[in-house]
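Single-structure report; data block below.
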Amino acid sequence: MLKSISERNMLWEVTDHVTRVEESYRYMLRYAMDNVADPHRDIIYNNIKEDLRVIYDRLARQVNSRNGSSLYYTTVRTASLPAVAVAVDRYRALQQSNDAFSIAAGTAQGASRTEIEAAENTLFESAWTGFPYSADDEKSLTSLIGDASVPAHVKLMTLSAIMLGGFEFFDRRRVNVLAGAYAAEDADEQIRMTALTALLLTLYVNRDRELPSEVSARIDALRDIPAWLSDIKTVYLELIRTLDTDRITSKLRDEIVPQMIKMKPEIEKRIKTDFEQGVDPAELEENPEWQDFLDSSGIADKMKELSKIQEEGGDILMGTFSQLKSYPFFYSIANWFRPFQVDNSAVAQLGDDTNVLSELIAQSFFMCDSDKYSFVLALASMPEAQRNMMISQIKAQNINAAELQNASLNLSTDKRRNIVNKYVQNLYRFFRLFRRREDFANPFASEINLTEVKPLQKDFLEDTTLQLVGEFYFKHHYYKEALKVFRLREAHIFPDATLYQKMGYCCQQLGDITGAINYYEQSELLTGNNAWTARRLASAYKQIGEYAKALDYYERLDAMQPDKFSTAMSMGQCLLALGQYEKASKAFYKAQYLDENSEKPLRLLAWSLFMQRDLDGARKIYDKILDTAVRPLDYLNRGHVDLVASNYHSAISFYLKFVKASPDGWNDFIKEMASDRDALTRLGVDAGMLPLVIDAVKYAEN
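Residue numbers (the working numbering): 8 to 709.
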């Protein structure tokens, strides 16, 4: 089939490849049928299968390149790109012929900055769209990335291009280049960690593909690197951290910013008052009245939480800079992966102030490269007066690049983690904000689970890694993802009680109450009486209506932690559901004693007294409720007390108040009366009287 497709499309090079693979397969078959021992047969067979997959990919690429509408195929079809090795050679020739001193001096000698950036973009596009890589391509790229004379930003862009192309079509030579870049001990940390991130993402996107044995062998070799396990954990955590980005953005947009806008008039008023009183603005942060104002507004706690999120590596700037990605600079795919450079043509738009500002921006610890360009472009697009004012303010801070860098290092001593964190933020912005983002397989569309990559399972199924990942998910309330990781841990270690507790809690939060009970009970077997486990088991049994079992656990909990208001309330609710009204009322009396200011026990206590026909006690409590925080059902239940006492006129008056107070009025009344019918008849109300009472309420309403 592959041969006929290639012949029909006149792809003779592919046809020759198919013929060679078929010939190899025929030889292997002949030797196998002749019972010839061949210790390498499995390797040969796997290589043949990989060759066929590559041939299929080449055919698909060739056919789709003719009229495919995605950016990948449009670039292949229209850009007239050179082969990867040729693109590398052309870039090197331009680089070597360029006089660095001329460029620095701004003279006309050598290539212009724009010409150099165009050559970098061409190299990026060739490395991205080239497929399959030849041996020369692999060699050229490896040499380029390992060459100390090549600017670091070119190497980093090239690594991203190699990864991006691997998302379209898997290529073992791409894996070799990325693995080699990470393994180079003399390479810059940024090169190594970027290469590792690109490698892991490439393998993850192709996780459903049967990978050639050469890839597994290459990964085995990387395991000899002392920092391998630590580095892949770092990458994994930064990748899964992106799952929290939408929550952080939403928190800023929906909670913090509206609260600050709401506080703006009061802040302006306080600043004006302090200014008129001669207070130095620099002393405002030490003013206890200001601190009290911030604390009472709740904004202080939110800002502390935001600061903690940022310290942990959370992406707090996505929401802000997502609005600044529409500049023409971001029309070029290569620019989304371009490290920030002070001599970039986009930065030069700031004119004479370029050096001061670009140095400050370049050293920013908090912004990824994509956001740094957004910041510069936003400044450049401002009206001149406004831009000059902002530039003057920045200069007035008297912050130099070295001071800012030192401050950054104080915030995080883990340089490798910060490299990965900012690179992942760059990637996240591309896959979420690029105008042609729908043309790309987005690895961030759902949670990234590197344990699904077979060559890496040996590393990621190691318990400390699973524990780290699982705890991240659990801490940030991603219970579905946490449960999957916890189950992997359960399968690979001897589980402890804490693991089962967390698995049970995940199930309970996901609505799988039966599963939660199962895990809680396993935890209980390991620890015996444990207050937290008893409380969760009681809660779970209560959720599914197993009130007797729930009561048993609440009683155990009460023995371990006596005189707890919440326990007394829960015991009373279970007893009420079981029809043990006398015991229920005792539990609610106890709850009322434990917290005299709480209104929660009153309604339940009144109902339990009512179900015992203690009408005076129930009436007294309902009247107390009606004098405080009344709800529509309070009128209904107060009417029930009078109905059981045969005080029909009084009952009708309370029922009428319920109809007027209830959202759906008469319909709610009919529904509630039907629901309470059995309880009322059990307490002695004549079933034949109920329709008459309902009609009487109807007439009274009119």
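From the three backbone atoms N, C-alpha and C, an ideal C-beta is built for every residue, glycine too.
Cα-Cα separation, residue i to residue j
i, j, result
"Asp378", "Phe328", "6 Å"
"Asn456", "Ser237", "17 Å"
"Asp193", "Asp154", "11 Å"
"Thr129", "Gly518", "52 Å"
"Lys664", "Tyr642", "6 Å"
"Asp64", "Phe176", "7 Å"
"Tyr600", "Ala594", "10 Å"
"Lys482", "Ala658", "52 Å"
"Gln550", "Lys556", "11 Å"
"Ile4", "Val161", "Residue 4 falls outside the range modelled here, since the chain spans only 8 to 709, and no answer is possible."
"Leu171", "Ala205", "8 Å"
"Tyr98", "Ser223", "32 Å"
"Glu528", "Tyr560", "11 Å"
"Ala142", "Glu488", "40 Å"
"Leu59", "Phe447", "24 Å"
"Lys678", "Lys509", "40 Å"
"Leu313", "Thr252", "12 Å"
"Gly173", "Leu250", "23 Å"
"Arg37", "Glu217", "25 Å"
"Leu229", "Leu210", "14 Å"
"Met680", "Arg563", "37 Å"
"Pro698", "Ser653", "15 Å"
"Ala547", "Gly579", "16 Å"
"Phe372", "Phe451", "23 Å"
Where the alpha helix (DSSP H) containing residue i begins and where it ends
i, result
"Arg345", "Arg345 -> no alpha helix (DSSP H), and no H or E assigned at all."
"Asp154", "Note, Asp154: premise wrong, no alpha helix (DSSP H); not H, not E."
"Thr121", "120-136"
"Arg684", "684-689"
"Tyr512", "504-516"
"Gly586", "Note, Gly586: premise wrong, no alpha helix (DSSP H); not H, not E."
"Thr201", "196-212"
"Leu428", "Sequence check: residue 428 is Asn here, not Leu. Where Asn428 is concerned, the enclosing alpha helix (DSSP H) stretches over 422-440."
"Gln619", "Taken as a continuous stretch (DSSP letters only), Gln619 belongs to no alpha helix (DSSP H), as it is neither H nor E."
"Val637", "Neither: Val637 is in no alpha helix (DSSP H) and is coded neither H nor E."
"Gln529", "520-534"
"Leu550", "Reading off the sequence shown, one finds Gln at residue 550, where the question assumed Leu. Taken as a continuous stretch (DSSP letters only), the alpha helix (DSSP H) holding Gln550 covers 538-550."
"Ala355", "Unbroken run through Ala355: none, as it is neither H nor E."
"Lys571", "Premise fails: Lys571 is in no alpha helix (DSSP H) and is neither H nor E."
"Gln474", "470-482"
"Tyr560", "554-567"
"Val91", "91-104"
"Arg181", "179-190"
Nonlocal neighbours in the same chain, by C-beta distance under 6 Å from residue i, ignoring five residues either side
i, result
"Asn533", "The question names Asn, yet the displayed sequence has Leu at residue 533. So the list reads Ala504, once near-sequence residues are dropped."
"Ser669", "Pro639, Asp675"
"Asn433", "Cys375, Asp376, Ser377"
"Arg4", "In the structure displayed, the chain extends from 8 to 709; residue 4 sits before or after that span and is not available."
"Phe661", "Tyr642, Arg645, Gly646"
"Ala126", "Tyr98, Leu101"
"Arg214", "Glu459, Val460"
"Leu687", "none"
Cut-off 7 Å between Cβ atoms - residues of its own chain near residue i, not counting five sequence neighbours on either side
i, result
"Arg626", "Val648"
"Asp702", "none"
"Asp623", "none"
"Asn405", "Note on Asn405: pLDDT 45, under 50, position unreliable in the model; the coordinate value appears next. Same-chain partners within the cutoff: there are none."
"Ala584", "Tyr554"
"Arg225", "Val182, Asn183, Ala186"
"Tyr588", "Ser615, Met618, Gln619"
"Tyr79", "Thr136, Glu175, Asp446"
"Met633", "Note on identity: in this sequence residue 633 is Leu, with Met being the wrong assignment. Around Leu633: Asp641, Arg645."
Close beta carbons around residue i, own chain, < 8 Å, minus the five adjacent residues each side
i, result
"Ala636", "Glu606"
"Phe617", "Ala625, Asn644, His647, Val648, Val651, Leu690"
"Arg494", "Met510"
Minimum Cβ-Cβ distance from residue i to chain B less than 8 Å
i, result
"Asp671", "Of the protein chains in the structure, only one exists, and it is not chain B."
Counting pairs of Cβ atoms below 8 Å between the segment 82-96 and the segment 190-210, do you hit three or more?
-> Output reads no: the segment 190-210 does not touch the segment 82-96.
Any chance the segment 345-357 sits against the segment 134-152, with 3 or more Cβ pairs inside 8 Å?
-> A contact between stretches requires three or more CB pairs, one per stretch, nearer than 8 Å, and the segment 345-357 fails this requirement with the segment 134-152.
Between the segment 571-585 and the segment 603-616, do three or more beta carbon pairs fall short of 8 Å?
-> Contact holds: three or more Cβ-Cβ distances are below 8 Å.
Do the segment 386-400 and the segment 441-461 touch if we need at least three Cβ pairs shorter than 8 Å?
-> Verdict: no, contact absent.
Count the C-beta pairs between the segment 236-254 and the segment 419-429 that are closer than 8 Å, then say yes if the count reaches three, no if not.
-> Contact between the segment 236-254 and the segment 419-429 is present, because at least three Cβ pairs lie under 8 Å.
For the segment 153-167 and the segment 330-347, state whether three or more C-beta atom pairs, one from each stretch, are separated by less than 8 Å.
-> Segment contact: the segment 153-167 against the segment 330-347, three or more CB-CB distances shorter than 8 Å; contact assigned.
Answer yes if the segment 66-79 comes into contact with the segment 181-188, meaning at least three C-beta pairs across the two stretches below 8 Å, and no otherwise.
-> At 8 Å Cβ cutoff, the stretches do not touch.
With a cut-off of 8 Å, do at least 3 Cβ pairs link the segment 332-342 to the segment 433-452?
-> The segment 332-342 makes contact with the segment 433-452: 3 or more CB pairs, one atom from each, lie closer than 8 Å.
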